[in-house]
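Just below is one structure, and these are the notes that go with it.
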Amino acid sequence: MIQKGSVVGISYVLTNPKGEELDRADREEPFQYLHGAHEMIPGLEKALAGLSVGAKKQVTVSPEDGYGNPDPKLVKKIPKDVFPKDFPIKAGIQFEADLGGDGNGMVYTIKEVGESVTVDGNHPLAGQTLNFQVEVMSVRKATEEELSHGHAHGPDGDHDHSH
Ligand code: ZN
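When we follow the numbering used here, the leftmost residue of the sequence shown carries the number 616, and every step to the right adds one.
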């Protein structure tokens, strides 16, 4: 049963209220996470608690329990010459930068290009209601190492240690 300290593998299809697919994890390549470690959005984690392998569930997550509501302060207008000469300044392009000047780099998406460039640092899914069709593929106890790291490790025990 899924509880705090479980390493869970799920397959899912994520759609928006219009029924457009935004993301998916197939049954052959499930998404793995450590339950209770805030590795995934709270609304989905809550809905999965107590489920067992094979359980299927339709979960609707509000923006508050998902990626939050967009913060208007994260939408900024910046001059074109801030970008490197060879940078493709086009709507939809994403880049990482510390525009707030607080030492924390964030991912921004270019929204509009005019005299200046409008960029948005909100998560692309902020403000959206998310529908997940989930199936629980695996549940196991986390290892000591995973618990101390606060995340699930892959099948070979190796993973990106950039954290
Ligand atoms: Zn680790």
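Where a beta carbon is used, it is the ideal one built from N, C-alpha and C, also for glycine. Computed from a predicted structure; not experimentally measured.
Please report the distance separating the alpha-carbon of Thr-758 from that of Gly-681. When rounded, the separation of the alpha-carbon atoms in Thr-758 and Gly-681 is 27 Å.
Give me the Cα-Cα distance between Gln-748 and Leu-629, rounded to the nearest whole angstrom. When only Cα atoms are considered, Gln-748 and Leu-629 end up about 7 Å apart.
According to the neighbour-count rule (16 or more other Cβ atoms, all chains shown, within 10 Å of its Cβ), is Ala-767 buried or exposed? Its Cβ being crowded by 16 or more others within 10 Å, Ala-767 is buried.
Would you report the Cα separation of Gly-634 and Gly-658, rounded to the nearest angstrom? Cα-Cα distance, rounded: 19 Å.
Label Val-722 either buried or exposed according to how many other C-beta atoms from any shown protein chain fall within 10 Å of its C-beta, with 16 as the threshold for buried. Its Cβ having fewer than 16 others within 10 Å, Val-722 is exposed.
Go through its chain and collect everything with a Cβ distance to Gly-620's Cβ below 6 Å, but skip five positions before and after it. Here the set comprises Ala-757.
Give the straight-line distance between the Cα atoms of His-778 and Glu-730, rounded to the nearest whole angstrom. Residue confidence for His-778 is low, a pLDDT of 49 falling below 50, so the modelled location carries little weight and cannot support an answer.
Looking at the unbroken beta strand (DSSP E) that takes in Ala-712, where does it start and where does it end? For Ala-712, the enclosing beta strand (DSSP E) starts and ends at 709 to 712.
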